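Okay, so here's the structure we're looking at.
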Amino acid sequence: MITVFLMGIALFIFAVTFTMYWSSSKPNGILWFGVSLPAHALHNEELQRLQNLCRTMYKRYGALTLLMLLPMLLVHAYVSLAVIYLFLWAALMMALLRIPFVRTHRSIAELKRKNEWFVGEKRIMRMDTRLSNALHSKEAKLSLFLYLVPALIALLPFGFKVSGDASYIVHAAGGTALGMTLLLFIISASFYRMKPRVYTVNSEINILLNKTARRRWSRLWFGIALVGSCTAAITAYAETLNEGTAGLIWSLGMLSFSIVPILGIVYVHNSLKKLEAVALAGEQEILYTDDDEYWMNGTTYNNPNDRSIMVPKRIGIGTTINIGTKTGKYIYYGLFVFVAVVIIGTGWISVQAEFSTPVMKIGDSGTVKIQFPMYNYSFALEDVLELKLVDQLPEGGRRTNGIGTDKVAIGNFKLDDFGKSKLYLYKQSPPYIVIRLPNLYVVYNHKEASETRQIFAELQGR
């Protein structure tokens, strides 16, 4: 079941990435494969040949990346390995689909230089003074102080009272939301410093398009930060309930946090494109500047002469970072470090959780400790109300916070027969030790049946 879910995520990532690169193979205004071209050049036979060749490569690489998903089925029994494979596959898929675009971009750029297909003027910085003044008005942007709201909401999980083994996850949710809020705050602040775009000689249209873009994008970034913080707070609060609904709330929370930003970005991008088309429909003097030299491979903007940190993308939707500025470099490479830390950390925790063995130790003071990454638990022998050894697990129940695969069940569960329970189980290795405490059941076993019986005998003897 989990493998099917991961495969669904992989197919979604593939569809988004493939659509983005495939759309670049069609002219978008004056842009084609990230190269600005005059209208008369768009019908050139060599360009048509390069387009067909690139699309053929997209299809081949697309089919290859989909076939590369099949090995995930071989590790379906190990969730951690499937997650790590998904990360590796996604990175390789993005690299492979980028190859046809970069090759075609370079070929078209060379063809453009050879034929001197320049668009507008080169190295021209246009300024509309009315536009610059209008963008400094309060109604053109959202106050950055509003980010205090999602930041404070993200701090709520740190105040929730949860059991020791769940505190890590609750605090991680709050920390992640706080980090995301900070990142979106930086993006918003950088967005306000973005150089206004001069579309035409008509100042009214320039003001309308730039103010609307800044207003909508700034509201979107704030909205994503608010949704992320609220999701983290709600899902973290679900952990304090320790009931079956917690798992459902976590699933819905993660789903909303994944889908809402994507839908928001697509909506804002499309609405601005429609507004731009309507506003410029009757304009005769639309201004263009040929700045291809600042776009590395058509995707990365590197212009030290432009103080803007964020600029509109040439392919895909939204904005990208100007790595020609110091702040842009810090954000750009910082994102790579952040993603690497998240992926490595997630992979390491997953492997540790899945391949570690729960260890039960009985201390001289009569305290029983069960050690397992993120799910440590201890109790006093004098609190044990019932102790028994069974060969079958109770049927029916759900995971509220833990690991559940075909082979293991570790963490917090709610079983139909027992209620709130902590499981440390190898499902296919009976017998199982069942310990009833005042408000909780603990079920434990070892991979080896002989070890399980030995631990049970020791518990009985104490």
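Residues are numbered in my numbering as their position in the sequence shown, beginning at 1, plus a constant of 43. Yeah, the Cβ is synthetic: ideal placement off N, Cα and C, and Gly gets one too. Keep in mind it's a predicted model, so treat the numbers as computed, not measured.
| Query | Result |
| --- | --- |
| M111 beta carbon less than 7 angstroms from that of W132 | yes |
| F76 to G439 span [Cα, whole Å] | 55 angstroms |
| At least 3 beta-carbon pairs within less than 8 angstroms: the segment 385 to 404 vs the segment 440 to 451 | yes |
| Endpoints, the alpha helix (DSSP H) within which F130 is located | V122 to N158 |
| Distance, P481 Cα to A134 Cα | 49 angstroms |
| Continuous beta strand (DSSP E) stretch holding L441: start and end | Here residue 441 is Arg; the residue named in the question, Leu, does not match the sequence. From DSSP, the beta strand (DSSP E) with R441 extends over G440 to G447. |
| Residue closest to K204, alpha-carbon to alpha-carbon, out of A279, F265, E491 and I267 | A279 |
| Own chain residues within Cβ distance below 6 angstroms of S150, not counting five before or after | L93 |
| Assigned exposure category for I302 - 16 Cβ within 10 Å defines buried | exposed |
| Cα-Cα separation, P474 to L466 | 14 angstroms |
| Residues sharing a beta bridge with Q503, DSSP | According to DSSP, Q503 bridges with nothing at all. |
| Coarse secondary structure for E491, derived from DSSP in three states | coil |
| CA nearest to the CA of R259, picked from P193, K356 and G361 | G361 |
| Reduced DSSP secondary structure (H/G/I, E/B, other) of Y64 | helix |
| Simplified DSSP assignment, three categories, for T343 | strand |
| Own chain residues within Cβ distance below 7 angstroms of V145, not counting five before or after | N340 |
| Length at least 4, wholly inside the segment 356 to 428: the alpha helix (DSSP H) runs in chain order | 369 to 398 |
| Proximal residues to G287 (C-beta, below 7 angstroms), its chain only, five neighbours per side dropped | Reliability fails at G287, whose pLDDT of 48 lies under 50, so the model's placement of it is uncertain and no value is given. |
| Cutoff 7 angstroms; reference Y121; Cβ partners in own chain excluding five residues on either side | E397 |
| Alpha carbon of F381 to alpha carbon of Q91, nearest angstrom | 40 angstroms |
| N249 versus F130, A322 and F201, residue with shortest Cα-Cα distance | A322 |
| G506 - containing beta strand (DSSP E), residue span | Nothing can be reported for residue 506: it is not among the residues displayed for the chain, which extend from 44 to 505. |
| Closer than 6 angstroms: I308 CB and nearest the ligand ADP heavy atom | Of the ligands one can find in the structure shown there are none, so the ligand ADP has no counterpart to examine. |
| Expected contact under 8 angstroms - CB spacing of H489 and I478 to nearest Å | Contact flag wrong, Cβ pair sits at about 14 angstroms. |
| Beta-carbon gap between I405 and E501 smaller than 7 angstroms | yes |
| Contacts around P143, its chain only, beta-carbon distance under 6 angstroms, and the 5 residues preceding and following it disregarded | C97, M100 and Y101 |
| Beta strand (DSSP E) segment containing Y475, residue limits | Y475 to L480 |
| Selected residue, minimal CA-CA separation from A215, among E247, R141 and S272 | S272 |
| Simplified DSSP assignment, three categories, for Y467 | strand |
| Residues near F415 in its chain [Cβ-Cβ closer than 7 angstroms; skip 5 each side] | S399, P401, I453 and Y467 |
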